[in-house]
Amino acid sequence: MAEFVSRFPSRSPTCERRRPQRRTASLHERRVGSSYRHRCVGYPTFRSEAARDVALSLDLDPTVASWTCLPGDVRGRIGHDRFVKIRPDFLVVRQDGSRSVVDAEGLEEFAPLDPSLGYVDVARSDPLDDTGLRNVRAIMCYADVPVPLADRIRLVGLLEEIGQATMREVCSAFRAADPIGCVLALAAQGSVAIDWRSGPIGPGTLVRLPDRSSPQANGCMDPEGPR
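First residue of the sequence shown? That's 641 in my numbering, and the numbers climb one at a time after it.
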């Protein structure tokens with residue numbers, strides 16, 4: 641199967657605007673733009689659309705400090721006696737300093753020889769469903785939208801006081817013209833966490849301050865893979 645490689649422009653003012661030479665870009669590319677690059681180290685290059693979607697979820701995970709595309713070969717084993725070498729989709733560094741390699745569609749039972757390196761096969765351990773994909777794409781479209789400082793402070797203060805609130809409740813704290821867009825922008829920028837995996841984003845969607853020590857608390861993938 642031919643290798644699919646996707647490259648995005650390094651700068652894009654909005655998710656709907658793109659460079660003239662990119663007029664043939666896919667709809668997904670136009671919607672996402674380059675806004676997911678907040679935690680990306682180097683230039684984002686993806687072998688598949690599935691890898692591109694995983695990148696979006698990595699940028700919504702507050703426990704992720706950085707991620708790098710196609711980091712190089714990783715040696716490991718499958719089972720007890722089969723040694724292989726793979727080139728994973730991502731190298732992910734967490735806020736606690738732990739590292740793991742992540743594949744959108746990887747090898748079952750692969751284990752790196754480096755004991756300090758974890759491995760996650762997203763397709764097997766934590767696949768993104770259609771609802772989750774629609775949500776992360778919608779959120780990341782707002783990643784470059786500026787949020788007034790006063791609104792940011794009011795929302796963070798509200799969540800510090802009550803712990804979590806619905807989208808309807810947090811929007812009441814905003815005085816900006818587009819409160820929903822501001823909440824999604826703050827989620828894309830890592831200031832708040834949105835429960836984007838339990839269903840379509842709506843008035844009842846829960847919003848909370850991010851827990852940078854627990855991916856599961858933020859609706860994100862388990863860095864240790866399946867147990």
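The C-beta atom is built at its ideal place from N, Cα and C for all residues, glycine as well.
Any C-beta of chain D under 7 Å from that of residue i
i	result
Arg-815	Of the protein chains in this structure there is only one, and it is not chain D.
Opposing strand residues paired with residue i [DSSP bridges]
i	result
Trp-836	None; Trp-836 has no bridge partner.
Val-715	This sequence places Arg at residue 715; Val is not what is there. DSSP output for Arg-715 lists Lys-725 as bridge partner(s).
Arg-739	Val-733, Leu-757
Arg-848	Gln-804, Ala-833
Phe-750	Ile-718
Distance, residue j Cα to residue i Cα
i	j	result
Val-704	Arg-852	8 Å
Ser-838	Gly-844	11 Å
Leu-753	Lys-725	10 Å
His-720	Val-810	52 Å
Tyr-782	Tyr-759	30 Å
Pro-684	Ala-691	11 Å
Cβ neighbour criterion (16 or more within 10 Å) applied to residue i
i	result
Gly-772	buried
Gly-797	exposed
Pro-755	exposed
Ile-793	exposed
Asp-736	exposed
Arg-815	exposed
Gly-682	exposed
Arg-679	buried
Gly-743	Contrary to the premise, residue 743 reads as Asp rather than Gly in this sequence. Looking at its Cβ environment, which holds 16 or more other Cβ atoms inside 10 Å, Asp-743 is buried.
Any non-hydrogen atom of the ligand NAD within 6 Å of residue i CB
i	result
Ala-763	For the structure depicted, the ligand NAD is absent and the ligand set is empty, with no information on it obtainable.
Selection from the options that minimises the alpha carbon distance to residue i
i	options	result
Leu-789	Ile-841, Arg-715, Gly-758, Ala-813	Ala-813
Arg-717	Arg-734, Ser-688, Leu-747, Thr-708	Leu-747
Distance between beta carbons of residue j and residue i, contact taken as under 8 Å
i	j	result
Met-807	Leu-696	Contact flag wrong, Cβ pair sits at about 20 Å.
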